[in-house]
Amino acid sequence: MKTPKRYLITAALPYANGLKHIGHLAGAYLPADIYVRYLKAQKRDVVFVCGSDEHGTAIPIQATKEGTTAQAIIDKYHPIIEQNFKDLGIAFDIYHRTSDPLHHETASEFFKDLESRGDLETKTTEQYFDAQANTFLADRYIKGTCPNCGHSEAYGDQCEKCGKSLSPEELINPVSTLSGNAPIKKETTHWYLPLNRHEDFLRKWLLEEHANDWRPAVIGQCKSWIEGGLQPRAVTRDLDWGVKVPVAGGDGKVLYVWFDAPIGYISATKQWAINNDKDWKPYWNDPETKLVHFIGKDNIVFHCIIFPVMLKLHGNILPENVPANEFMNLEGDKMSTSRGWSIEMDDYINKWIKKENGGEAMADCLRFYLNSIAPESKDSEFTWKGFQDAVNGELVSIFANFVNRTWVLMHKLCNGKVPKIHIEHLDSEDNALILAVKEAKEKITDLLEQYKFRDAQFEVINLARLGNQYMQKKEPWILAKNLETDPTAQAKIDNCMHGCLQLTANLAILINPFLPFTAKKMCHLMKVVDRMLEWENAGNFNLLKVGYTLRAPELLFRKIEDEEIAAELAALKANSEVKKTKMETNNTNPAAEGEAANGIAPLKPEIVFDDFGKIDLRVGTIIEAKKVEKADKLLELLVDLGFEQRTILSGIAMHFKPEDIVGKQVTIVANLAPRKMRGIESKGMILMAEDANGKLYFVSPSEAIASGSSIA
RNA sequence: GGCGAGGUAGCUCAGUUGGUUAGAGCACAGGAUUCAUAACCCUGAGGUCCCGGGUUCAAAUCCCGGUCUCGCUACCA
0 MKTPKRYLIT
10 AALPYANGLK
20 HIGHLAGAYL
30 PADIYVRYLK
40 AQKRDVVFVC
50 GSDEHGTAIP
60 IQATKEGTTA
70 QAIIDKYHPI
80 IEQNFKDLGI
90 AFDIYHRTSD
100 PLHHETASEF
110 FKDLESRGDL
120 ETKTTEQYFD
130 AQANTFLADR
140 YIKGTCPNCG
150 HSEAYGDQCE
160 KCGKSLSPEE
170 LINPVSTLSG
180 NAPIKKETTH
190 WYLPLNRHED
200 FLRKWLLEEH
210 ANDWRPAVIG
220 QCKSWIEGGL
230 QPRAVTRDLD
240 WGVKVPVAGG
250 DGKVLYVWFD
260 APIGYISATK
270 QWAINNDKDW
280 KPYWNDPETK
290 LVHFIGKDNI
300 VFHCIIFPVM
310 LKLHGNILPE
320 NVPANEFMNL
330 EGDKMSTSRG
340 WSIEMDDYIN
350 KWIKKENGGE
360 AMADCLRFYL
370 NSIAPESKDS
380 EFTWKGFQDA
390 VNGELVSIFA
400 NFVNRTWVLM
410 HKLCNGKVPK
420 IHIEHLDSED
430 NALILAVKEA
440 KEKITDLLEQ
450 YKFRDAQFEV
460 INLARLGNQY
470 MQKKEPWILA
480 KNLETDPTAQ
490 AKIDNCMHGC
500 LQLTANLAIL
510 INPFLPFTAK
520 KMCHLMKVVD
530 RMLEWENAGN
540 FNLLKVGYTL
550 RAPELLFRKI
560 EDEEIAAELA
570 ALKANSEVKK
580 TKMETNNTNP
590 AAEGEAANGI
600 APLKPEIVFD
610 DFGKIDLRVG
620 TIIEAKKVEK
630 ADKLLELLVD
640 LGFEQRTILS
650 GIAMHFKPED
660 IVGKQVTIVA
670 NLAPRKMRGI
680 ESKGMILMAE
690 DANGKLYFVS
700 PSEAIASGSS
710 IA
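One point on numbering: in numbering that gives the first Met the number 0, the residue at position 465 of the first sequence is 464, and numbering is uninterrupted.
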């Protein structure tokens, strides 16, 4: 395989609307960092870019909710996230931000370029418009009842309660969050990226050229999209937060966040070039540059379909690989910040990386465990017990213990100096050790080049294990007892300790991409400069000079106690309980708290009695119920309203079995306009109540009454 | 419902184009040892390779059907 001239490595831009958890870290940033550290140790020309994604509609919405500005939100989270990464040893060459003027300029230029060459289409459609605020409403500015889970405060693009992606048209009773009025439809023109024009290109590039060297899940997902028929995709929005559309007719419009965010990789590269007096262009234009995107599986489509099409049109290089990771669960459940079931990077740092708790070494402990369970081929699971086991059982017992016993013995038996080699006493064990290090280096290099970071790290630990075995066979502590009777004893001790010391130096080089703080500490113990960590030095058994005085032993890590694990588990459970009750209180008393609110939005705007009077609510009785074919969530209900029987469809199939709800009395919106779904016309709507966990309940009269009774 | 990825030891995962007795680490049990953070080292126990068919001399691996988990997608008044 030919070595690329230079590398450009990107890690997904984190959305600057809140803290990021360790699942994000394990999914994109840690593997990217390991790869980059390895490449840099190889002295390759590499730039590692990332930055905050600060546009999109979620941020201004959140600002409104919290009574602050969008700018204030991004200014709050951008530096925190940046610092979190730093604390965990994620060493970006640049951590940029999409609110920066340079990014606006870059994204504008990109758009203009595509537009001027006819690579974009415009289309005029009807969109929701707020007449009072005199503005089009972006998806996020429209709220309504989620058709999926019935959550009453779902946004036009997504319901935060159930996580379902939505379009504004799908919302029940849409309302503008600006004025509280029902939005009207109005024509607007938008720019589209016609993905359909590039099907042949994508087919060839992904399904032929990369069918075998990309991860199966990534190719599978792409194939699914291509086979499903590619559609033109809107790349602009009616919104005033973001990069302004820089062409005629673009007033009041911005680039869609998914168009502008990946361009953030380019603007970050430009900023890096400015800071370092370099030229950014070859990194994006020269085919000899190897571009790799590190992302989570939720980003596959954007990085493998949409952005590559944009890059191709704009004349840039394409990614050489996109090693997307699956998801990391936590203690048996999906990670979710809003449900309190997660470990925020910020929390981990504050608790564990404090000086008194272990400092930087604890950053490496987290890196070690996360990488050892990295979800490279399937979803994986973080458990605190697993964390403790991995750290205590492998990092401490195998790796750190080898280094420590080497150091202690070297001070006891060799005066704290690197002993000389006595060639006449070298044996097959010594030669085997040297050979094993060389082999391990080859293997680890290979695995790293293939993005198999979990296996690569395992091999490093394995090498330390080999060191323990070597020492066990040599037993220098036994030899030390025979110094007077055995004239060769000291020579044998010297050879053994020399080997262990050279192995330690090699371990420092090989562990460096994974555990940079540890490698640094090992350099300190050996009194060598960081340059020793260069990859080419691995395999060399002459890294520490004979006679060189080394520092006193110092533990690399501390053990993690049972009580600490118990405390973390308790904290996790308590936190999720707190979030749960908060959600519930917010439901009943929305004014109680102004902060984040976790998807629970405040009360809808006040209406007058006449508004309410327009709604005709009736008691109905379900007399038949069956599942709608080819629809997971829909039930087809026949409801008796006294004066007539109606077919009503309801998206509750995930919550109720048809046979269990026959005979149930329910509340019906009887004068709602009919709507066809899955070929069946639904005449009305069933009201449902929903608790904080998303469980649904029928709204029924407390005692059975006549069907058709009105409700007011 | 459609599509994609998974299901292998108690846990986390390997298993290359079908080919002896299905592997590794952790955890567990026994032994040995003391230089080392009760660490290390040696040995051992453990599996209906999700289920059912089929192809084959031979299937964890290939084909068909089913089932469970995750993701994307459709459905959501």
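No residue lacks a Cβ here, since even glycine has one placed at the ideal position from N, Cα and C.
Here residue 281 has 5 and 288 as same chain residues with Cβ atoms under 7 Å from its own Cβ, once five neighbours each way along the sequence are excluded. The alpha carbon of residue 292 has as its nearest neighbour, out of 223, 34, 113 and 485, the alpha carbon of 34. Straight through space, the alpha carbons of residue 391 and residue 382 are spaced by roughly 14 Å. Judged by DSSP secondary structure, residue 303 falls outside any beta strand (DSSP E); it is assigned neither H nor E.
Beyond the five residues adjoining it in sequence on each side, residue 515 comes within less than 7 Å, by CB distance, of 36 and 88 in the same chain, given in chain order. A residue is called buried when at least 16 other Cβ atoms come within 10 angstroms of its Cβ; residue 375 meets this threshold and is buried.
The residues 493, 497, 545 and 546, in chain order, have a CB closer than 8 Å to that of residue 419 in the same chain once the five nearest residues on each side in sequence are set aside. Sequence-distant partners of residue 633 (beyond 5 residues in either direction) whose C-beta falls short of 8 Å from its own C-beta, in its chain, are 626, 627, 648, 649, 650, 652, 676 and 677. Excluding its 5 nearest sequence neighbours in each direction, residue 705 has C-beta neighbours in its own chain below 8 Å: 618 and 641, listed in chain order. Of the residues 44, 410 and 79, the one whose Cα lies closest to the Cα of residue 348 is 79.
Bounds of the alpha helix (DSSP H) holding residue 361 are 359-371.
Between the alpha carbons of residue 414 and residue 553 lies a distance of about 16 Å.
As the crow flies, the alpha-carbon of residue 480 is around 38 Å from that of residue 363.
Excluding sequence positions up to five before and after residue 558, its CB lies within less than 7 Å of the CB of 391 and 395, all in the same chain and listed in chain order. When rounded, the separation of the alpha-carbon atoms in residue 99 and residue 309 is 21 Å.
For the options 230, 199, 206 and 187, the alpha carbon positioned closest to that of residue 193 is the one of 230.
For residue 653, the secondary structure class from DSSP, reduced to helix, strand or coil, is coil. Using a 10 angstroms sphere on the CB of residue 482, the tally of other CB atoms stays under 16, which defines it as exposed. Selection 265, 232 and 431 evaluated against residue 122 yields 232 as nearest (Cα-Cα). Taking C-alpha positions only, residue 44 is separated from residue 2 by approximately 11 Å.
Taking a C-beta distance under 8 Å as the contact criterion, residue 56 and residue 263 do not qualify as a contact pair.
Annotated as distal: residue 424 and residue 488, with beta-carbon spacing of 8 Å or more. Cβ contact annotation for residue 256 (same chain, cutoff 6 Å, sequence separation greater than five): 54 and 55, in chain order. Residue 353 and residue 346 have their alpha carbons spaced roughly 11 Å apart. In this model, residue 125 and residue 185 are separated by some 5 Å (Cα to Cα).
Judged by beta-carbon spacing, residue 439 lies beyond the 8 Å limit of residue 254, meaning their Cβ atoms are not closer than that value. Segment contact: the stretch 195-212 against the stretch 232-245, fewer than three CB-CB distances shorter than 8 Å; contact not assigned.
A residue is called buried once 16 or more other Cβ atoms fall within 10 Å of its Cβ, and residue 449, having fewer, is exposed.
In the DSSP annotation of this structure, the continuous segment of the beta strand (DSSP E) that includes residue 188 starts and ends at 183-193. Annotation: the stretch 475-553 contains the following complete segments of the alpha helix (DSSP H) (minimum length 4 residues), in chain order: 475-478, 488-510 and 515-525.
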